[in-house]
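Just so we're aligned, residue 1 is where the sequence shown starts under full-length UniProt numbering, counting upward by one.
To start, the structure under review is shown below, and the notes come after it.
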Amino acid sequence: MDNHSNHKQAGEFVHQMSVQRRHKAMRFYLIALGFVVAVLLIIVLFKPLSLGFLLGLVGGVSAYYFWKKGEYWMRRSDQALVGAKAEREVEVILQLLTGKNWKIEYNLRLKRGGDADVVLCSPQGNWYVIDVKSHKGIIIREKNYLKRVKGRQVYDFNEGNLLTKVRGQAAEVAKLKQAQWVTPILCFTQAKVKISKNYINGIYIVEKTDLIRILEKLG
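So, in structure tokens, the structure goes:
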């Protein structure tokens, strides 16, 4: 692994995902538009009102269904773009380490699907995997789970147990890199982290402003 990366840009995988989702959304929008046109033709062409109404109703419901599907995938596309931006922010921060003999790799494909956002190897030979998160709010711990506080409400993460996922990434990276141990790190680019010592059961949970400090401290 070169000192800087595997020539992949940070956020590349997520950006590609965003484009795919946007294309899917546009296909659903076009299908919905087709049903709208069909409904208009039915109104014009069909004289028997009962038959025209029935076909128009079916067409209208179908148009609504596909339009909502399009909106869903457009939201998912926008979410992926936010994630890609967060990964690029972390890439800029980590440039401070490239001149200090840290080896950094972005978007490492994993055998179980998906990718590891950032994989690092320190000058001392210690390995790290960083899962970048763009959520807002305050990150807290409840037992062995992370929760997100916004206002007076406490929310679960839609992605499931973030700690379990990043721990799984670390185990897979260890196999791929033949490393004895890979330290998992969750890095939040927009949220505040309110967790004692930024540490839970072998996993570091940090804000982006603390990322360099934690990495250099661990070495």
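For every residue, glycine included, the Cβ atom is placed at its ideal position computed from N, Cα and C.
Please tell me whether residue i and residue j are closer than 7 Å, where the distance is taken between their beta carbons.
i    : j    : result
E172 : L108 : no
A84  : V132 : no
R141 : I195 : yes
F188 : I130 : no
I93  : L211 : yes
V206 : I200 : no
I203 : L146 : no
A191 : G137 : yes
Y106 : V118 : yes
A174 : V182 : yes
Quick one: what's got a C-beta closer than 6 Å to residue i's C-beta in the same chain, skipping five residues either side?
i    : result
S62  : F35
N101 : P123
K69  : F28
Q169 : A116, V129
Taking the continuous beta strand (DSSP E) assigned at residue i, which residues delimit it?
i    : result
A191 : Looking at the DSSP string, A191 is not in any beta strand (DSSP E), and its letter there is neither H nor E.
With a threshold of 8 Å on Cβ separation, who are the neighbours of residue i within its own chain once the five nearest residues in sequence on each side are excluded?
i    : result
W67  : F28, Y29, A32
Y155 : G137, K147, R148, V149
Kindly list the residues whose CB is nearer than 7 Å to the CB of residue i, restricted to its own chain and excluding five residues on each side of it in sequence; keep chain order.
i    : result
K177 : W127
H4   : Residue placement at H4 is flagged as unreliable, the pLDDT there being 46, under the threshold of 50; the coordinate-derived value follows with that caveat. Same-chain partners within the cutoff: T98, I104.
Residue i lies in the alpha helix (DSSP H); which residues open and close that run?
i    : result
K217 : 211–218
| field | In chain order, each alpha helix (DSSP H) run of at least 4 residues that lies wholly inside the UniProt domain "NERD" (83–189) | value | Counting only runs that start and end inside the UniProt domain "NERD" (83–189), the alpha helix (DSSP H) elements of at least 4 residues fall at 162–177.
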